[in-house]
Amino acid sequence: MNWVPAMRFEILPGLPPYGPRAVSFTGRGEHEFREGLVIRFYPEKSDPWVGNFLGGMTNCTAVLDHPNGADVIVVADGHTCVIDPESRAMRDCAAWDDIAAVFPLHQLGLVVFQGLVDFAAVRSDNSGWISPRISWDSFRNVKVHETELTGEAWTPVGDIWAPFTLDLLTGHCADGIYEKDMARAVRVGS
């Protein structure tokens, strides 16, 4: 018989009409009354509870296990936070609201977040990296190959998509079009 891990969370279709009030994870805390991404958490050592997460400015929504195995990462319309289900608390909140895609990379023990102009990652020990700015505005054809992430970044100079490669272990990117364009820029005036 195969062991099946217990469910740690589930996305609900809306706020429950009964039971304890949902814990609000928003900029205004308890004073925010809008419904967002509603998640029921199932902690190991306490009763299930519901969290309400208002989003950011993209349409990326995901709920996944943190690489540390204890916390849960919630991305609600691009706004990202790390939740401790046992204490019903936000452990960390990303300083950006523009997450466009999430890449859980179990083989590397990290989760990578694609922003509108850069990338960030978190590891199981809560360390991580933030890449330099790679694009002027958005990415396409993003793919993961072992320890590299490749894709195309947009530049207004010629209105083209330029290829780039990102090291997933360090966040280093030597061929980002944004830095190349800025290095070629000429200062006007004094």
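The numbering used here numbers the first residue of the sequence shown as 145 and each following residue consecutively.
Just so you know, even glycine gets a beta-carbon here, dropped at the ideal spot from N, CA and C.
Note the first and the last residue of the continuous beta strand (DSSP E) segment covering D311. For the purposes of this step, residue 311 is identified with residue 167 of the sequence shown, where counting begins at 1. Per DSSP, D311 belongs to the beta strand (DSSP E) from 304 to 311.
List the residues that DSSP assigns as beta-bridge partners of P248. Against the sequence shown, residue 248 aligns to sequence position 104. Its beta-bridge partners are V255.
Just tell me which of D221, A245, L208 has its CA closest to the CA of I227. As a working mapping, residue 227 is identified with position 83 in the sequence shown. Nearest Cα to I227 within the set D221, A245, L208: L208.
Mind reading off the beta-carbon distance from D221 to G200? Whole number of angstroms is fine, and I expect it under 8 Å. Locating residue 221 in the sequence shown gives position 77, counting from the first residue. Locating residue 200 in the sequence shown gives position 56, counting from the first residue. Between G200 and D221 the Cβ distance is about 5 Å, and since that is below 8 Å, they are a contact.
Could you pull the start and end residues of the alpha helix (DSSP H) that K287 belongs to? Taking the first residue of the sequence shown as position 1, residue 287 is located at position 143. That residue, K287, is in no alpha helix (DSSP H); its beta strand (DSSP E) goes 283 to 289.
Cβ separation of G315 and S268, assumed to be a contact under 8 Å, to the nearest whole Å: Within the sequence shown, numbered from 1, the residue matching residue 315 stands at position 171. Within the sequence shown, numbered from 1, the residue matching residue 268 stands at position 124. At roughly 16 Å, the Cβ-Cβ gap does not stay under 8 Å, so G315 and S268 are not in contact.
I want to know whether the stretch 159 to 169 touches the stretch 191 to 200 - three or more CB-CB distances under 8 Å. Of all C-beta pairs linking the stretch 159 to 169 to the stretch 191 to 200, three or more are shorter than 8 Å, placing the two stretches in contact.
Go ahead and pull the three-state DSSP assignment for M326. Position 182 of the sequence shown, counting from 1, holds the residue named residue 326. Under the three-state reduction of DSSP output, M326 falls in the helix class.
Every unbroken beta strand (DSSP E) within the stretch 157 to 201, with a cutoff of 3 residues, ordered by chain: The stretch 157 to 201 contains these whole beta strand (DSSP E) runs: 167 to 169, 181 to 185, 193 to 197.
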